[in-house]
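S.K.:
Residue numbers (our numbering): 35 to 600.
1. What is the residue span of the beta strand (DSSP E) that residue 341 lies within?
2. Report the three-state DSSP secondary structure of residue 311 (helix, strand or coil).
3. On the CB-based measure, 16 or more other CB atoms within 10 Å of its CB, does residue 210 come out buried or exposed?
4. Between residue 160 and the ligand ATP, is the CB less than 8 Å from at least one heavy atom?
5. Which same chain residues end up closer than 7 Å to residue 112 when comparing Cβ atoms and leaving out the 5 residues on each side of it in sequence?
6. For a minimum of 3 consecutive residues, which ranges assigned as the beta strand (DSSP E) are wholly contained in the stretch 338 to 391?
7. Would residue 94 and residue 58 qualify as a contact pair, given that the criterion is a beta-carbon distance under 9 Å?
8. Smallest Cα separation from residue 363: which of 135, 307, 381 and 197?
9. Could you check what DSSP says for residue 478 in three-state terms: helix, strand or coil?
10. Cα-Cα, which of 148, 71, 279 and 160 is closest to residue 534?
11. Would you tell me roughly how many angstroms separate the C-alpha atoms of residue 387 and residue 415, rounded to the nearest one?
12. Can you tell me which of 222, 437 and 529 puts its alpha carbon nearest to the alpha carbon of residue 245?
13. Measure the CB-CB distance between residue 262 and residue 252 and report whether it falls below 9 Å.
14. Got a sec, what are the start and stop residues for the alpha helix (DSSP H) residue 86 sits in?
15. List, from N- to C-terminal side, the beta strand (DSSP E) runs of 3 residues or more that fit wholly inside the stretch 453 to 526.
16. On the three-state DSSP scale, how would you describe residue 186?
17. Taking the alpha helix (DSSP H) that residue 549 falls in, what are its first and last residues?
18. Would you report the Cα separation of residue 233 and residue 539, rounded to the nearest angstrom?
19. Whole-angstrom Cβ separation of residue 428 and residue 516, contact assumed at under 8 Å?
20. Name the DSSP beta bridge partners of residue 567, please?
21. Quick check on residue 54: does DSSP put it in helix, strand or coil?
22. How would you label residue 51, buried or exposed, when you count the other beta carbons within 10 angstroms and need 16 or more for buried?
23. Since residue 521 and residue 164 are thought to touch, with beta carbons under 8 Å apart, how far apart are those beta carbons, to the nearest angstrom?
24. Grouping DSSP H, G and I as helix and E and B as strand, with all else coil, what is residue 225?
25. Please specify which runs of the alpha helix (DSSP H), each continuous and at least 4 residues long, are wholly inside the stretch 216 to 261, giving them in chain order.
26. Closer than 8 Å is the cut-off here; do at least three beta carbon pairs connect the stretch 434 to 452 with the stretch 467 to 479?
27. Under a three-way DSSP split, which group does residue 275 fall into?
28. Express the C-alpha separation of residue 241 and residue 220 in angstroms, rounding to a whole number.
29. Can you name the start and end residues of the beta strand (DSSP E) that residue 282 belongs to?
30. Considering only their Cβ atoms, is the gap separating residue 286 from residue 423 smaller than 9 Å?
31. Can you give the Cα-Cα distance for residue 150 and residue 410, rounded to whole angstroms?
32. Could you give the DSSP three-state label for residue 447: helix, strand or coil?
33. Between 493, 548, 566 and 275, which lies nearest to residue 179 when the distance is taken from Cα to Cα?
34. Since I believe residue 298 is in contact with residue 127 (beta carbons under 8 Å), could you give me their beta-carbon distance rounded to a whole number of angstroms?
35. Which residues in the same chain have their Cβ closer than 6 Å to the Cβ of residue 135, if we skip the five residues on either side of it in sequence?
36. Taking the beta strand (DSSP E) that residue 152 belongs to, which residues open and close that run?
Dropping the structure here:
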C-alpha cells in the first residue's frame with residue numbers, strides 16, 4: 035500500500051512503532067516482503083494469515099520462539115488497527131513537509147517534540163486541486179472507454195465479508211472518488227459496498243460504458259471505482275461508475291512572489307500509493323521543454339518577430355542523419371518565433387537548438403533549476419528528458435517574475451513546544467535571466483494561450499501564459515503555465531509509461547485540470563496584469579507576500595494515509 039520499511043508498515047497496519055509490536059504482529063510484517071500486495075492483510079486476510087503462521091512455524095523450527103509462543107501467536111487474529119489519516123485533504127503535501135522536517139531536524143524531534151509547523155498550503159486551493167486532478171483523470175478514463183479487467187474478491191477465494199479496501203479508511207462523502215466492492219447486481223441496479231456504507235447505481239450512472247444492463251458487465255465481488263454523487267438524509271449514497279485503469283495525474287502550484295507551494299497533488303489515491311508524482315517522478319516533458327530553447331535563442335540576440343522556416347530538414351548528428359517531423363506531419367514555411375512557439379512546431383525549435391547549441395540549451399535549463407542529467411543530443415530540444423513537475427513549475431515562475439527564481443518552499447515557520455520559534459530561513463532567490471529576455475519570452479508564452487495549443491485557457495479571460503507538452507507515443511501529457519500571481523503545472527500519464535492513447539496531447543489531457551485549478555486561483559484578482567515593457571523590473575523580497583491562510587500541523591506528522599512533441 036505504498037509504505038516502505040517495517041516502521042512505516044507497523045504504523046500503517048497497527049498504528050504503533052515497530053519496537054512495540056507483539057510477536058504475531060511482527061511475524062505478519064515479516065511475511066509481507068515476499069509479496070506485499072499478494073499477501074496484503076487488508077485485501078487478502080486469509081492469505082496473510084497463512085503466510086504469517088508459516089513465519090511463526092519457521093521461527094519455532096529455528097528455536098527463536100517456544101512451542102507455547104507459537105501456538106498462542108498462531109491462534110491470534112491479524113489484529114489490524116488502521117486509523118484514518120489525520121490530514122486527508124493534502125496527504126502528499128504533508129508527507130513532503132514531514133520529509134523536509136526530518137531532514138532539517140531529528141526524527142525523534144519531529145515525531146515527538148510537539149513542534150508546531152506552519153505551512154504554505156492554501157487549504158481552499160488544495161481542495162480545488164484535489165477535485166481538478168480527480169475529475170481530470172476520470173474524464174480521461176471515460177474518454178478512453180470501458181476496459182473492465184476488474185479484480186474480483188470472490189474469484190480470488192476471499193470472503194467478501196472480511197474484505198477491506200484501503201480507501202475505506204478515508205471519510206466518504208459527496209464528490210469522493212473511492213474503490214468499492216459490488217455486493218448486488220441486476221440489470222437496472224447495482225449496490226456497492228464502501229466500507230460501512232453502501233452506494234446504489236442505476237443505468238444512468240454507467241451509461242458511458244456502453245453497457246445497458248449492469249449484470250452484463252459487472253459481477254458480485256468486483257472491485258469498482260465510483261464517484262459519490264449524492265448523500266441522502268438517511269445516509270444512503272448514490273454513486274456514478276468511474277474507471278481506474280492505472281492512469282495517474284499530478285498538480286503543483288506556487289505563489290510567484292514568494293515561492294510558497296499553495297497546492298500539491300502527487301497522484302489519484304494516496305492510500306494506494308504514496309509515491310509523489312509531483313516531486314519524485316522524472317518524466318519526459320515534451321514541448322514544455324521548448325521555453326529553454328527559445329530563451330537561449332533570445333539571449334543570443336534573436337527576437338520574437340524573427341523568421342524561422344518550418345520546412346523539411348536533416349541534421350547531422352554523432353548518431354547519424356536526423357530527419358525530424360512536426361506533430362501535424364506538415365510544414366508551415368516561414369514563421370515568426372512567436373507563432374512557431376505558440377503552435378509548438380518542432381522543426382523551428384530544433385533549428386534554434388542546432389544554431390545556438392544544444393549544450394547551451396541544457397545549461398539554460400539548469401540555470402532555471404532543472405537538476406536532471408540531460409544528454410547533449412538534439413532531440414532533447416523537443417523534451418526527450420526526464421524532469422520533475424515541481425522543477426518545471428518553479429522554472430516557469432521565472433518568466434512572470436521578470437527573470438527571478440524563488441526556490442519553492444513548503445514550511446513558513448516552525449515553533450517549538452515552549453513557543454520559541456526556530457530561526458527563520460529566508461527563501462532562496464536568484465536572477466536567472468534578464469528582465470528583457472523574460473518579457474520577450476512572455477510574448478511567446480502568452481501567445482500559446484491567446485491563439486496557440488493552449489487556446490482553451492483563453493476562456494478564463496485573464497492574463498495567462500504557458501506551454502503544452504506531449505511526448506512520443508503519448509506517454510506523458512503536460513501543461514505548465516501561470517497568471518501574474520500563480521504558476522501551476524499539471525501532468526497525466528501511467529507509472530509504467532504505457533501510452534495514454536492516440537491524440538491524448540497536453541492540450542487535451544492535462545490542460546483541463548489546469549483550467550479548473552486556475553479558475554479558482556485567479557478568482558478575486560480581476561485587475562492583475564503582467565509587467566508592461568516600460569515597467570520597472572520586479573523585485574522579490576524573500577520575506578514578502580501574504581500567501582493565503584496557512585495550515586497549522588501539530589507534530590507528530592502522520593501522513594494520511596527522442597520525442598516528437600507538442
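Think of the CB as a built atom: it goes at the ideal place given N, C-alpha and C, for glycine as much as any other residue. Note that the structure is predicted; figures quoted are calculated from it, not measured.
M.R.: In brief:
1. Position 307 of the chain shown, counted from the start, is the residue given in the question as residue 341. Segment 341 to 344, the beta strand (DSSP E) holding residue 341.
2. In the chain shown, the residue the question calls residue 311 occupies position 277. If DSSP states are grouped into helix, strand and coil, residue 311 belongs with coil.
3. Numbered from 1 along the chain shown, position 176 holds the residue referred to as residue 210. Counting Cβ neighbours within 10 Å, residue 210 comes out buried, since at least 16 surround it.
4. The model depicted lacks the ligand ATP and carries no ligand whatsoever.
5. Locating residue 112 in the chain shown gives position 78, where the first residue counts as 1. Taking C-beta separations shorter than 7 Å and ignoring five residues to either side along the sequence, the partners of residue 112 in its chain run 62, 75, 79, 82 and 83, following chain order.
6. The DSSP assignment places 341 to 344, 349 to 351, 354 to 356 and 367 to 370 as complete runs of the beta strand (DSSP E) inside the stretch 338 to 391, in order along the chain (cut-off: 3 residues).
7. As a working note, residue 94 is residue 60 in the chain shown. As a working note, residue 58 is residue 24 in the chain shown. Result no, Cβ atoms of residue 94 and residue 58 do not sit closer than 9 Å.
8. Within the chain shown, the letter at position 329 stands for residue 363. It is 381 whose Cα lies nearest to the Cα of residue 363.
9. Within the chain shown, the letter at position 444 stands for residue 478. Correct three-state label for residue 478: helix.
10. To locate residue 534, count along the chain shown from 1; it is residue 500. Out of 148, 71, 279 and 160, 279 has the C-alpha closest to the C-alpha of residue 534.
11. The residue you call residue 387 lines up with position 353 of the chain shown. The residue you call residue 415 lines up with position 381 of the chain shown. CA-to-CA, the gap between residue 387 and residue 415 works out to about 6 Å.
12. Position 211 of the chain shown, counting from 1, holds the residue named residue 245. For residue 245, the nearest C-alpha among the options comes from 222.
13. Taking the chain shown and counting its residues from 1, the one referred to as residue 262 is at position 228. Taking the chain shown and counting its residues from 1, the one referred to as residue 252 is at position 218. Contact flag unset, no.
14. Reading the chain shown from its first residue, position 52 is the one you call residue 86. Unbroken alpha helix (DSSP H) run through residue 86: 79 to 95.
15. Contiguous beta strand (DSSP E) elements confined to the stretch 453 to 526 occur at 463 to 465, 499 to 504 and 510 to 516, taking only those with 3 or more residues.
16. Working through the chain shown from its first residue, we reach residue 186 at position 152. The DSSP-derived three-state label of residue 186 is strand.
17. On the chain shown, position 515 is the one that residue 549 refers to. 545 to 555 is the span of the alpha helix (DSSP H), which, as asked, contains residue 549.
18. For the purposes of this step, residue 233 is identified with residue 199 of the chain shown, where counting begins at 1. For the purposes of this step, residue 539 is identified with residue 505 of the chain shown, where counting begins at 1. Distance from the CA of residue 233 to the CA of residue 539, rounded to the nearest whole angstrom, comes to 34 Å.
19. Locating residue 428 in the chain shown gives position 394, where the first residue counts as 1. Locating residue 516 in the chain shown gives position 482, where the first residue counts as 1. In this structure, residue 428 and residue 516 do not form a Cβ contact; the two beta carbons are roughly 11 Å apart against a cut-off of 8 Å.
20. The residue given as residue 567 occupies position 533 in the chain shown. Answer is none; residue 567 lacks a bridge partner.
21. One-based indexing of the chain shown puts residue 54 at position 20. Looking at residue 54 - three-state DSSP - the assignment turns out to be helix.
22. Position 17 of the chain shown holds residue 51. The residue in question, residue 51, is exposed, as its Cβ has fewer than 16 Cβ neighbours within 10 Å.
23. Counted from its first residue, the chain shown places residue 521 at position 487. Counted from its first residue, the chain shown places residue 164 at position 130. That belief does not hold up - the Cβ atoms of residue 521 and residue 164 are roughly 19 Å apart, past 8 Å.
24. Within the chain shown, numbered from 1, the residue matching residue 225 stands at position 191. Look at residue 225 here: in three-state DSSP terms it is strand.
25. Listed in chain order, the alpha helix (DSSP H) runs fully inside the stretch 216 to 261 amount to none, counting runs of at least 4 residues.
26. Yes, since at least three Cβ pairs between the stretch 434 to 452 and the stretch 467 to 479 fall closer than 8 Å, the two stretches touch.
27. Within the chain shown, residue 275 is the residue found at index 241, counting from 1. Three-state DSSP puts residue 275 in a strand.
28. Along the chain shown, read from residue 1 onward, the residue named residue 220 stands at position 186. Along the chain shown, read from residue 1 onward, the residue named residue 241 stands at position 207. A straight-line Cα-Cα distance of about 15 Å links residue 220 and residue 241.
29. The count along the chain shown starts at 1 and reaches residue 282 at position 248. In the DSSP assignment, residue 282 falls within the beta strand (DSSP E) that extends over 281 to 289.
30. Indexing the chain shown from 1 puts residue 423 at position 389. Indexing the chain shown from 1 puts residue 286 at position 252. Yes, they are a contact pair.
31. The residue you call residue 150 lines up with position 116 of the chain shown. The residue you call residue 410 lines up with position 376 of the chain shown. Between residue 150 and residue 410, the alpha-carbon positions lie close to 46 Å from each other.
32. Working through the chain shown from its first residue, we reach residue 447 at position 413. DSSP places residue 447 in strand when its eight states are reduced to three.
33. Your numbering for residue 179 matches position 145 in the chain shown. Per the C-alpha coordinates, the member of 493, 548, 566 and 275 positioned closest to residue 179 is 275.
34. Stepping through the chain shown from its first residue, residue 127 is reached at position 93. Stepping through the chain shown from its first residue, residue 298 is reached at position 264. In this structure, residue 127 and residue 298 form a Cβ contact; the two beta carbons are roughly 5 Å apart against a cut-off of 8 Å.
35. What you label residue 135 is simply residue 101 of the chain shown in a count that begins at 1. The beta carbon of residue 135 lies closer than 6 Å to those of 144 in the same chain, with the five residues before and after it left out.
36. Reading the chain shown from its first residue, position 118 is the one you call residue 152. Residues 150 to 153.
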